[in-house]
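Asks: Can you read through this structure? Questions will come right after.
See the structure below:
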């Protein structure tokens, strides 16, 4: 019985996107996708550039918020970042040395 219901559910969900589009058009069209907002493409592009952050800025923001660095003084932030860089250097350097020895011992 559950197998039949599951099969019926999968068949019904197959054209869900088309059904949703038909319902949205019947309600009055796509309200959020209206390109006639009185702006030229250049103005729209400029607005998008102003409103959005680039990838690196988003990652820096995420790093600051995740580790709570936004509430530190600038000198504390520099100290913390320096410690993170030194720690990462130790991890990568020693990982490279151990991987190199492992490869020499077992692969060569």
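Residue numbers (UniProt numbering): 1 to 108.
Cβ atoms here follow ideal geometry from the backbone N, Cα and C, with glycine treated the same way.
Quick check on DSSP: helix, strand or coil for residue 40?
Replies: Coil at residue 40, not helix or strand.
Asks: Quick check: is any heavy atom of the ligand ZN less than 7 Å from the C-beta of residue 90?
Replies: Inclusion of the ligand ZN in the displayed structure is not the case, the ligand content being empty and no account of it being possible.
Asks: Report yes if the C-beta distance between residue 69 and residue 77 is below 8 Å; otherwise report no.
Replies: Result yes, Cβ atoms of residue 69 and residue 77 sit closer than 8 Å.
Asks: Does DSSP put residue 95 in a helix, a strand or coil?
Replies: Three-state result, residue 95: helix.
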